[in-house]
């Protein structure tokens, strides 16, 4: 074994240039993979964080029939006595807030907006004090202030504000159907504009006080949902079960949904992304495999006579295999070291500065909950897997050319020119 | 004792069958210094390869010290060669990245001998073939004669029963070739190792104590001196 290692090392340095070129090919491939992996994992983690902090919270309590009809945003399948439920949740140590969501037509007037118009919107009615214990929206106010309870005030997302040329102080009218189907029109004053890291929120957010809406829409104290924030370290499914039990005690027909059940579109996209990441990984490894395979074929072809001599002197096929495996593992190790080191260096930039995709995110909805800068992350498992795979792959692809070399008969090897 | 009985070896070149050995029979006693002579294509290398267990025969049988080597499978032949046979090649076939010492000692490494024994035996054989002080040189820094001395040291370091040398002097000038032959003879006398070498050089044949001439795949003469 010691001799085989010595010979492998000497052979690698004998064909230094070839070794370095192949190791570089592997290294570049692994570096690219590490960068892509870091970005994808970083984007995913930040998207999930932004989803929970600005959109879905960790869990939501709803009427059992609400989720099925959620597209219609019905008001008649709501949570009864939501403040009692919120108090129960607070008593159990959870941060919770009631919300009512409804669809409406947003009417714009020419005095403020330059021309008359209307757009369909989704409105969220919040308890302005409690909401900030669950969501971080108030901290992302770029101008103005949060609406006061009982007022006809509204906060709007920054991109929507840009799209309709809205500014703080402008008046709009929300036209919708109240609980029972009657039409209702509500004049609202824009008092704040929110610019948060979640592009979905910037694109569509309209926040109004829940008590004002309750009066207008005859909700009689009902809310369509109760949002609950959990710490990042919490076991969501366990907490969901606990809260489900707590809510069941009220006797109301309530259900608890976790953030990933509510953001199924995002989860589907992440699954597709994992698939594409696997394709990238496969392509990177394919390039590396071709490089190593080619190097090993050349190395074996140049040393057929040497192999013949070693076999004639009693070296077994297993030892010959081991020799070439050690050589290719050496190339793989070098490539993995180069690739991992370069990947870590490149990742320093990705983690600290990231790549600004703001221009893209503003124009189209890619599904990610990141407004502009896509940052990488330190995905230690990914780095370790990539490093190991670089070596393993080198060993695997060297097997076949070596096997071919040991199949050739010894006299032919010795005659080889 | 090597017994070659009615050995046949055919090669296939497309549709053509080349009959390299046509029923060769030969007995070689322990410690002989024997030359297999003959023109190109006479079958001398084929005979050496068959005795050396690196080729498979099509008919007949080869027995070495009572072991029917021609019946062995690939793994057993490898094992047999590892312990019992040494090879010297026309083009030396040294490993270019290894030093003289490493080129010789690797034969003992694959026998898994203790490090100390490997070092002692390697240094002793290098001294005997006149390469003391050159053990750290790589083959490209040695002359053809010195390289062939390494090959002889490599063949002998494991104390094999038989050393097979295929045209060992063909790549050397006559003076160096003679030195190599003298060295081989010396080693044969000292260790009583059987030396079988092929040649078509008359000077080389002079050194042999027994000269077997092959022609067209058959033994033409077997002359003891």
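Chains as they are written, first to last, in this note's numbering: chain X, 733 to 1149; chain U, 79 to 303. Heads up, the beta-carbon is just placed ideally off N, CA and C, and yes, glycines get one too. No experiment lies behind these values; they were computed from the predicted model shown.
- Listed by position along chain U, the residues whose Cβ is nearer than 9 angstroms to that of residue 752 of chain X form an empty set, because the closest Cβ is around 16 angstroms away.
- Following the DSSP letters along the chain, one finds residue 853 of chain X inside the beta strand (DSSP E) bounded by residues 849–858.
- Under a criterion of Cβ atoms nearer than 8 angstroms, the residues of chain U adjacent to residue 1037 of chain X are, in order, 169 and 171.
- The residue from X/923, X/905, X/1109 and X/1072 with its alpha-carbon nearest to that of residue 1085 of chain X is X/1109.
- Under the DSSP definition of a beta bridge, residue 872 of chain X lacks any partner.
- Comparing alpha carbon positions, the residue from X/894, X/1064 and X/772 closest to residue 1021 of chain X is X/1064.
- Assigned with DSSP and collapsed to three states, residue 1110 of chain X falls in coil, not helix or strand.
- Secondary-structure assignment with DSSP links residue 276 of chain U through a beta bridge to U/114 and U/244.
- Using a CB distance cut-off of 8 angstroms, residue 133 of chain U counts as an interface residue toward chain X.
- Per DSSP, the unbroken alpha helix (DSSP H) holding residue 256 of chain U starts and ends at 252–269.
- Following the DSSP letters along the chain, one finds residue 903 of chain X inside the beta strand (DSSP E) bounded by residues 903–909.
- Any Cβ of chain U closer than 8 angstroms to the Cβ of residue 1139 of chain X would place that residue at the interface, and such an atom is absent.
- Under the Cβ distance rule, residue 1061 of chain X does not count among the residues neighbouring chain U, no pair being separated by less than 8 angstroms.
- Chain-order list of chain U residues neighbouring residue 739 of chain X: 173, 175, 176, 180 and 184, by C-beta distance under 9 angstroms.
- The beta carbon of residue 865 of chain X is closer than 6 angstroms to those of 827 in its chain, skipping five residues each way along the sequence.
- Distance from the CA of residue 236 of chain U to the CA of residue 1124 of chain X, rounded to the nearest whole angstrom, comes to 36 angstroms.
- The bridge partners DSSP lists for residue 830 of chain X are X/958.
- Residues of chain U with a Cβ closer than 8 angstroms to the Cβ of residue 742 of chain X are, in chain order, 175 and 176.
- In this structure, the beta-carbon distance from residue 255 of chain U to residue 283 of chain U does not fall below 8 angstroms.
- What residue 187 of chain U touches in chain X, judged by beta-carbon distance under 8 angstroms, is 734 and 735, going in chain order.
- Between residue 771 of chain X and residue 1058 of chain X, the beta carbon gap of about 35 angstroms keeps them out of contact (Cβ cut-off 8 angstroms).
- Nearest neighbour of residue 789 of chain X by Cα position, chosen from X/1126, X/940, X/964 and X/798, turns out to be X/964.
- Taking the C-beta atoms as reference points, residue 922 of chain X is found no nearer than 8 angstroms to residue 892 of chain X.
- The Cβ atoms of residue 293 of chain U and residue 113 of chain U do not sit closer than 8 angstroms to each other.
- Residue range 996–1034 is occupied by the alpha helix (DSSP H) that includes residue 1006 of chain X.
- Boundaries of the beta strand (DSSP E) harbouring residue 164 of chain U: 163–166, taken from the DSSP string.
- Taking a contact as a CB-CB distance under 8 angstroms, the pair residue 1114 of chain X and residue 773 of chain X counts as one, their CB atoms being some 7 angstroms apart.
- Taking 8 angstroms as the cut-off, the Cβ atoms of residue 882 of chain X and residue 943 of chain X count as close.
- For residue 929 of chain X, there are no neighbours in chain U by C-beta distance under 7 angstroms, as the nearest C-beta there is about 58 angstroms away.
- The continuous stretches of alpha helix (DSSP H) do not include residue 213 of chain U, and DSSP gives it neither H nor E.
- Of the other Cβ atoms in all chains shown, fewer than 16 fall within 10 Å of the Cβ of residue 734 of chain X; this residue is therefore exposed.
- Between residue 958 of chain X and residue 829 of chain X, the beta carbon gap of about 7 angstroms places them in contact (Cβ cut-off 8 angstroms).
- For the pair residue 916 of chain X and residue 1117 of chain X, the Cα-to-Cα distance works out to about 59 angstroms.
- Within the same chain, and ignoring the five residues on either side of residue 995 of chain X in sequence, the residues whose Cβ sits closer than 7 angstroms to its Cβ are 783 and 788.
- At a cut-off of 8 angstroms between beta carbons, residue 111 of chain U makes no contact with chain X.
- Apart from the 5 residues on each side of it in sequence, residue 857 of chain X sits with its Cβ closer than 6 angstroms to the Cβ of 832, 940, 942 and 945 in its chain, given in chain order.
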